[in-house]
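Notes follow once the structure below has been shown.
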Amino acid sequence: MSITPAKRRVIPGFGLTMGFTLLYMGLVFLIPVGAFLLYTTTMSWDTFWSAVTQRQVVASYKLSFGGSLIAATINLVFGALVAWVLVRYRFPGKRLVDALVDLPFALPTAVAGIALVTLYASTGWVGQYLDVFGIRIAYTQLGVVIALTYIGLPFVVRTVQPVLEDLEAELEEASASLGADRLTTIRRVIFPALFPALLTGYALAFARALGEYGSVVFISGNLPFRTEITPLLIVAKAEQYDYHGAAAIGTVMLVAAFLMLLVINGLQWWASRRHG
Amino acid sequence: MRTISSSTSSSSSIWQLSKLTGAVLLAGAVLAVTFSTTAQAQSESVELLNVSYDPTREFYREYNELFDEFWQAEHGQSVTARQSHGGSGSQGRAIIDGIDADVATLALAYDIDAIHERADLIPQDWQSRLPNNSSPYTSTIVLLVREGNPKNIQDWDDLAQEGIDVITPNPKTSGGARWNFLALWGYGLEQFDGDEQQTYDFVRQVYENVPVLDSGARGATNTFVQRRIGDVFIAWENEAFLSVEQLGQGEYEIIVPSQSILAEPPVTVLDANVDRKGTREVAEAYLEHLYTDEAQHLAAKHYYRPSNQEILAEYSDEFPALDLFTIDEVFGGWQEAQQRFFNDGGVFDDILEAINTQ
Amino acid sequence: MTTSSTVIETHDTIAKRWRRATEEPAWLRIILITIALIFLGLFLVLPLTVVLYGAFEQGIGVWYGAVSDPDALSAIRLTFLIVVIVVPLNTLFGVAAAWSIAKFEFRGKSILISLIDMPFAISPVVVGLIFVILFGSQGWLGPWLSAHDMRIIFAIPGIVIVIAFGTLPFVARELIPLMQQQGKEEEEASLTLGANGWKTFWYVTLPNIKWGLIYGVILCNARAMGEFGAVAVVSGRIRGETNTMPLHIEVLYNEYMFTAAFAVSSLLTGLALVTIAIKSAVEWNEERRQRIAAA
Chain A
218 MSITPAKRRV IPGFGLTMGF TLLYMGLVFL IPVGAFLLYT TTMSWDTFWS AVTQRQVVAS
278 YKLSFGGSLI AATINLVFGA LVAWVLVRYR FPGKRLVDAL VDLPFALPTA VAGIALVTLY
338 ASTGWVGQYL DVFGIRIAYT QLGVVIALTY IGLPFVVRTV QPVLEDLEAE LEEASASLGA
398 DRLTTIRRVI FPALFPALLT GYALAFARAL GEYGSVVFIS GNLPFRTEIT PLLIVAKAEQ
458 YDYHGAAAIG TVMLVAAFLM LLVINGLQWW ASRRHG
Chain B
8 MRTISSSTSS SSSIWQLSKL TGAVLLAGAV LAVTFSTTAQ AQSESVELLN VSYDPTREFY
68 REYNELFDEF WQAEHGQSVT ARQSHGGSGS QGRAIIDGID ADVATLALAY DIDAIHERAD
128 LIPQDWQSRL PNNSSPYTST IVLLVREGNP KNIQDWDDLA QEGIDVITPN PKTSGGARWN
188 FLALWGYGLE QFDGDEQQTY DFVRQVYENV PVLDSGARGA TNTFVQRRIG DVFIAWENEA
248 FLSVEQLGQG EYEIIVPSQS ILAEPPVTVL DANVDRKGTR EVAEAYLEHL YTDEAQHLAA
308 KHYYRPSNQE ILAEYSDEFP ALDLFTIDEV FGGWQEAQQR FFNDGGVFDD ILEAINTQ
Chain C
2 MTTSSTVIET HDTIAKRWRR ATEEPAWLRI ILITIALIFL GLFLVLPLTV VLYGAFEQGI
62 GVWYGAVSDP DALSAIRLTF LIVVIVVPLN TLFGVAAAWS IAKFEFRGKS ILISLIDMPF
122 AISPVVVGLI FVILFGSQGW LGPWLSAHDM RIIFAIPGIV IVIAFGTLPF VARELIPLMQ
182 QQGKEEEEAS LTLGANGWKT FWYVTLPNIK WGLIYGVILC NARAMGEFGA VAVVSGRIRG
242 ETNTMPLHIE VLYNEYMFTA AFAVSSLLTG LALVTIAIKS AVEWNEERRQ RIAAA
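Chains as they are written, first to last, in my numbering: chain A, 218 to 493; chain B, 8 to 365; chain C, 2 to 296.
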């Protein structure tokens, strides 16, 4: 074997794959979205601004963003817990539970909405017992949060799970042999390794919740200023033949979603630099 | 690091996987072909698309068979009438955005007016082309309560009492809910001798009792009947009958208020569409046939009030006589009512904001 | 006090400390498992039970009648047609995007990744609205389309495109982090040994990413079958023609045919459960094979 310095070969296919990626994204998604944004620009700034700052619309932002934030936080805590339990512990029926985590993703949102309201209405299977304590879920803001939590449930679990599985036991053992107690190991070794995955899962759950429509409309009271989410308001505007209003609010949602994803991806990149 | 052998063994399963994908694709292609061939229309038949609002589902399902029989006997051609149902506003939007419909049978004239204004598919005088303002059947708004009327609701003013939960859909998206709102407002005007402020306060008190605003009439019925939410449900008369007769015998009672609004759900041929598709003749016949005795009886069977007064009289046991006012008399027509009450920043928005931000 | 006992004591303490540092005590484990199971029970098992109970409440005959109704069959056919078109396209896209992002460095990568995520974050309702504004007869391309007698919205192409839009990120989202984590050493080794790009992809990359790929395809598939909001805006709900399964469920629900609605729902749920089960079984099989190979 002749010893020649290994030629630094570049992996092929950049042009092909990047070309296809951009072409497909362009056709299915970027051009339509671009056209949509262009459509928004056909209205004057005043029309746009007054459409997106109507008091009823602002109230719906508060519910949509606030509800999604709460739901994503619930999912962050419980999703991390579920992932931990599924990866680290043994218990009967574990495999079944693991498989079921994908259910909210697979169940059509309309079906989920019908099922949830059947459960949590004050006459429902679960709701009737909560009603005794004066807790009402269906048709309140709590109902919106429940639906948003449901649809976001798989994301944190599924992003944290593989990272936790790959986490090498040696690291924890090393930490332990250096005299760290469990809490310190979790705080200094496990948590930093999981941090990017947690963030990603959180972002996905939040983003998913923000735009959700199908399941929420069944369990929410849909009352303006109180339980009306922004996507519902967009539909209502369109059905009143007010496309400009609908498009303006849609643009706000679009920009918000994109900014948030950009920030999260930036954070992830930063985290991987720091720990990678 | 993976060994060579393990990576080749798994690559063979990848090949199997791609074979599987191929098989799935092939099956899909076969499916697609079957699908497209079944979609091809036979020359001996004609297809119509009727875009309608929520509560007409059961009526038109039966009417389509009736009309098919009639047309086949007359012209030797079978008619497949396809249906699309949804909230009246969302169905109007679909027509404006180009759904390939031949006829529109919506909940209120405003939604069909919008088709003229925004899409120019029909002439402005569409409503004068068929008898009775193009409404082959009418209905009204009544109150549905639970068995035994536990909250003792007798008329509209009982809805404003404290501790009563009222179910009605959102007038912004539901045609039926607009009729509900106007029936309530009309009653208020009558009660307070035309005093607008008192009427406003009265309607506001009723809407304070509304815990859910479903987007359509059917959603609201489900909330009241299936979820058992609410003490009283403001409903289309035909929906109220349907609930009583079919959804729970003896579980609900209809309360006929002292007065209500005459709801006229209009129908029209969509001229631009039928001319393009060459279906004008059959589409017009489809709507005209709604006025025949047979169809009028069918409408009554599905709890719509026949527009033919003689046939309506035959069902006087079922449809109680009550004081009915029209939208033109009290509100000066749909355009004005829409503008004043339901447009953004209108009276309805005002009421909801006052209630929910106090 | 003897030396040996000190040694034993120290040994004991070390073992205790060791266990304390690498795993939780039993009582904590049981509490954590219980909390997780209660949470999942409330959010996963109960809704599933509601659907299945609703579907079979009136017996299997009624269930079969509901799913073999011509309109239900047409909805099922349409849903499968859409899946067969959309899933392969999005899979191809996912693999291509992951390859270009994971194996190469370029400017604006973070923006590209965010862009790929975006359809996921865009409200389905807005997706529908976008295509109505583009292709609706009052929209920008509407007049041109109707002049050429082409229909996009309120017809199958419109449904296909909104679903392709909505499910675009799923395969890519699974593959990008996986391929980034795996790096490019194996591919570089293969290429250095003389294999060409396709061979390297088929024999080196694909085996490494197959589980992520399968999982992504399953997600994409499930989502494509279940999409509701966007389809509701562009479908026009024409019975027997443009109703997908989720829309048909809504229609049945609005016709007070609750058992039928739950029956069709159970079909979708069942399909989802079957794909999830297959995935678990394949994974389990693979794990066992690896264990045997390692031993």
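Don't be surprised by glycine CBs; every beta carbon is placed ideally from N, CA and C. Since this is a predicted model, take the numbers as computed values, not measurements.
*asked:* Please tell me whether Phe168 (chain C) and Asn91 (chain C) are closer than 8 Å, where the distance is taken between their beta carbons.
replied: Here the sequence assigns Thr to residue 168 (chain C), which means Phe is not the residue at that position. Cβ atoms of Thr168 (chain C) and Asn91 (chain C): closer than 8 Å.
*Under the rule that 16 or more other beta-carbon atoms within 10 Å means buried, what is Asp132 (chain B), buried or exposed?*
exposed
_At the 8 Å Cβ level, is Glu360 (chain B) part of the contact set with chain A, yes or no?_
yes
*asked:* Assuming Leu331 (chain B) is part of the beta strand (DSSP E), what are its boundary residues?
replied: 330-332
*DSSP on Val126 (chain C), reduced to helix/strand/coil?*
helix
*Of all the residues that make up the segment 49-77 of chain C, which are near chain B by a beta-carbon distance shorter than 8 Å?*
none
*Residues of the segment 121-143 of chain B with Cβ closer than 7 Å to any Cβ of chain A, in chain order*: Ala121, Arg125
*State the CB to CB distance for the pair Val245 (chain A) and Ile162 (chain C), rounded to an integer number of angstroms; the pair is presumed to be in contact (CB under 8 Å).*
7 Å
*Between Pro176 (chain B) and Gly105 (chain B), is the Cβ-Cβ spacing less than 8 Å?*
no
*Taking any Cβ of chain A, which residues in the segment 166-195 of chain B have a Cβ under 7 Å from it, in chain order?*
Asn177, Lys179, Thr180
*Is the number of C-beta pairs between the segment 325-345 of chain A and the segment 225-238 of chain C that are closer than 8 Å three or more?*
yes
*Could you have a look at Leu55 (chain B) and say whether DSSP puts it in helix, strand or coil?*
strand
*Please confirm if Tyr430 (chain A) has its CB atom under 8 Å from at least one CB of chain C.*
yes
*Amino acids of chain A, ordered along the chain, whose beta-carbon sits closer than 8 Å to that of Phe166 (chain C)*: Val245, Phe246, Pro249
*Select from B:Arg68, B:Glu76, B:Tyr67 the residue whose C-alpha is nearest the C-alpha of Ser52 (chain B).*
B:Glu76
*Taking 7 Å as the cut-off, is the CB of Trp192 (chain B) close to at least one heavy atom of the ligand ZN?*
The ligand ZN is absent from the structure shown, which contains no ligand whatsoever.
_Strictly under 8 Å for the Cβ-Cβ distance: is Thr340 (chain A) near chain B by that measure?_
yes
*What number of angstroms, rounded off, separates the C-alpha of Glu385 (chain A) from the C-alpha of Ala97 (chain C)?*
30 Å
*asked:* According to DSSP, simplified to helix, strand and coil, what is Ser4 (chain B)?
replied: The question about residue 4 (chain B) has no answer here: the residues shown for chain B are numbered 8 through 365.
_Residue-chain proximity (Tyr257 (chain C), chain B), Cβ-Cβ < 8 Å_ = yes
*Would you say Leu268 (chain C) and Ala262 (chain C) are within 8 Å of each other, going by their C-beta atoms?*
no
_Distance check for Leu320 (chain A) and Ile177 (chain C), CA to CA, integer angstroms please._
23 Å
*Does the Cβ of Thr44 (chain B) have 16 or more other Cβ atoms within 10 Å, making it buried, or fewer, making it exposed?*
Confidence is the limiting factor: at Thr44 (chain B) the pLDDT is only 41, short of 50, which leaves the residue's position unreliable, though a coordinate-based value still follows. Per the 10 Å Cβ criterion, exposed.
*Roughly how many angstroms lie between the CA atoms of Gln98 (chain B) and Thr364 (chain B), to the nearest whole one?*
32 Å
*Sequence-distant residues of the same chain with beta carbon closer than 7 Å to Val265 (chain C), five excluded per side*: Ala67, Val68, Ala73, Met246, His249, Ile250, Leu253
*chain A contact for Thr112 (chain B) (CB, 8 Å cutoff)*: no
*Interface residues of chain B facing Trp239 (chain C) [CB-CB closer than 8 Å]*: It should be noted that the sequence gives Ile, not Trp, for residue 239 (chain C). Residues of chain B passing the Cβ test: Leu56, Arg89, Gln90, Ser91, Ile106.
*Can you check whether the CB of Gly230 (chain A) is closer than 8 Å to the CB of Gly217 (chain C)?*
no
*Straight-line CA distance for Ala276 (chain A) to Asp356 (chain B)?*
13 Å
*Determine, using beta carbons only, whether Ala101 (chain B) comes closer than 8 Å to chain C.*
yes
*Three-state secondary structure (DSSP) at Phe240 (chain B)?*
strand
*So is Leu157 (chain C) buried or exposed if we call it buried at 16+ other beta carbons inside 10 Å?*
Leu is not the amino acid found at residue 157 (chain C); the sequence shown has Ile there. With 16 or more Cβ atoms within 10 Å of its Cβ, Ile157 (chain C) is classed as buried.
*asked:* Could you check whether the Cβ of Asn439 (chain A) sits closer than 8 Å to any Cβ belonging to chain B?
replied: yes
*asked:* With a threshold of 8 Å, are at least 3 pairs of Cβ atoms found where one atom belongs to the segment 415-426 of chain A and the other to the segment 111-121 of chain C?
replied: yes
*For Val406 (chain A) and chain C, any beta-carbon pair shorter than 8 Å?*
no
*Rounded to whole angstroms, how far is the Cβ of Gly182 (chain B) from the Cβ of Leu113 (chain B), which I believe are closer than 8 Å?*
7 Å
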